[in-house]
Structures are given as C-alpha cells and as structure tokens.
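Quick note, this note's numbering runs 56 ahead of the 1-based positions in the sequence shown.
As structure tokens, the structure follows; a few thoughts come after it.
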Amino acid sequence: MSQFELKLFYRICVSALCLVAIIGCQNRGPYSGLNPIFQLGASEQEYLPKILRKLPDSEVIEYSDSMAAPFKKQTQVNSQKVVVLGKERQVEFLFNDSILGHIWISFSEKEFDLVKLHLTKSFGQIAITHDPYIVFESKNVALSTNPCEILLADSVLLFEIIGID
Numbered sequence: 057m058s059q060f061e062l063k064l065f066y067r068i069c070v071s072a073l074c075l076v077a078i079i080g081c082q083n084r085g086p087y088s089g090l091n092p093i094f095q096l097g098a099s100e101q102e103y104l105p106k107i108l109r110k111l112p113d114s115e116v117i118e119y120s121d122s123m124a125a126p127f128k129k130q131t132q133v134n135s136q137k138v139v140v141l142g143k144e145r146q147v148e149f150l151f152n153d154s155i156l157g158h159i160w161i162s163f164s165e166k167e168f169d170l171v172k173l174h175l176t177k178s179f180g181q182i183a184i185t186h187d188p189y190i191v192f193e194s195k196n197v198a199l200s201t202n203p204c205e206i207l208l209a210d211s212v213l214l215f216e217i218i219g220i221d
C-alpha cells in the first residue's frame, strides 16, 4: 500500500468514526432523520452482505479497469428504499478498492432548503461553494444542487470528486 493510499485509508477511517458517532445518535441530535447504515470506511467483504440483508432489492454493479479509475475496482450498490431524513430515498454506496469510500443520497429539489438546514446543523456552516456543490465545515459532506444529492466521503476523496484541488 502506497503512502498516499495509507493516508487516504486513515482519513476515511477517521471520517467514518466521526460519521458513525454522529449518525449513531439518531434519536438525540439534528441528524435524527439519517440512517445509521452509513459507515464510511467499512470493508466490502463485511459490509456489503449487511446492506443486501437490510435492503434486499438493491442492485450491485461491479466496475474495474478504466471504469473504476482512479481505483482498481469499484462496487456500486444502488438502493431505492433507504430511509433518510424521514423519507425513502435512492442511495448509492460506492466501495473503492473494497472499502466503502463514498455515498450519494438523492432527494427532491423542493426539499433542498430542509436538507441544507439539517446538514448545516450537523456539519457546520458552509465552508466552500464550488458550483454545483456546497461543502460544509466538516469537509466530509457536500450538497449538490444539480442533481439534488448529498455526498458523504473522506475530505480528500470528496474534494477529488467535486473537482477542488
């Protein structure tokens, strides 16, 4: 494992622990509507079966080579009925080289202000605006305006995905 991969893995693990701590307080904090199934940094071998048990209608898509770049392998799990912020939503779990690296959560345009409010309460004020994304102070959560999606990821990967150097 290269030094970059090791640093990336470490950052994903730290972010995952923070997210698990925040999301684990489901009934006590401003994140009460989010689902504790989100565990960034989890291994595909252990975590994918859990997702498929909880969300049996999920679709699994495997990518490799150039389709998975910059990773060697990527597994995408599309789930339609994940309860987030009190409603069933489409969620994409992406395992990058067998580690849950990022999660996309879709929502409707009319919910944008409510979702933004929940994320601001949970992850701090807006730190960066990089059209069409808004990144919060925690730097591991972004909100997209087009399409309307939440992105959960380690800050290094999040910045790479949305094109911030």
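Beta carbons are placed, not taken as given, at the ideal position from N, Cα and C, and that holds for glycine.
Please confirm whether residue i and residue j have their CB atoms less than 7 angstroms apart.
| i | j | result |
| --- | --- | --- |
| residue 205 | residue 162 | yes |
| residue 159 | residue 149 | yes |
| residue 179 | residue 192 | yes |
| residue 115 | residue 134 | yes |
| residue 172 | residue 199 | yes |
The ligand MN and residue i: does the residue's C-beta get closer than 6 angstroms to at least one heavy atom of that ligand?
| i | result |
| --- | --- |
| residue 108 | The ligand MN is absent from the structure shown, which contains no ligands of any kind. |
Assign residue i to one of two classes, buried (16 or more other C-beta atoms within 10 Å of its C-beta) or exposed (fewer than that).
| i | result |
| --- | --- |
| residue 145 | buried |
| residue 79 | Its pLDDT being 40, under 50, residue 79 is placed unreliably by the model, and the measurement read from it follows with that caveat. Counting Cβ neighbours within 10 Å, residue 79 comes out buried, since at least 16 surround it. |
| residue 155 | buried |
| residue 170 | exposed |
| residue 138 | buried |
| residue 125 | exposed |
For residue i, which option in the options has the closest C-alpha, if you only look at C-alpha atoms?
| i | options | result |
| --- | --- | --- |
| residue 174 | 142, 134, 187 and 157 | 142 |
| residue 203 | 108, 140 and 218 | 218 |
| residue 194 | 221, 201 and 176 | 176 |
Which partner residues does residue i have in the DSSP bridge list?
| i | result |
| --- | --- |
| residue 192 | 182 |
| residue 133 | 116 and 149 |
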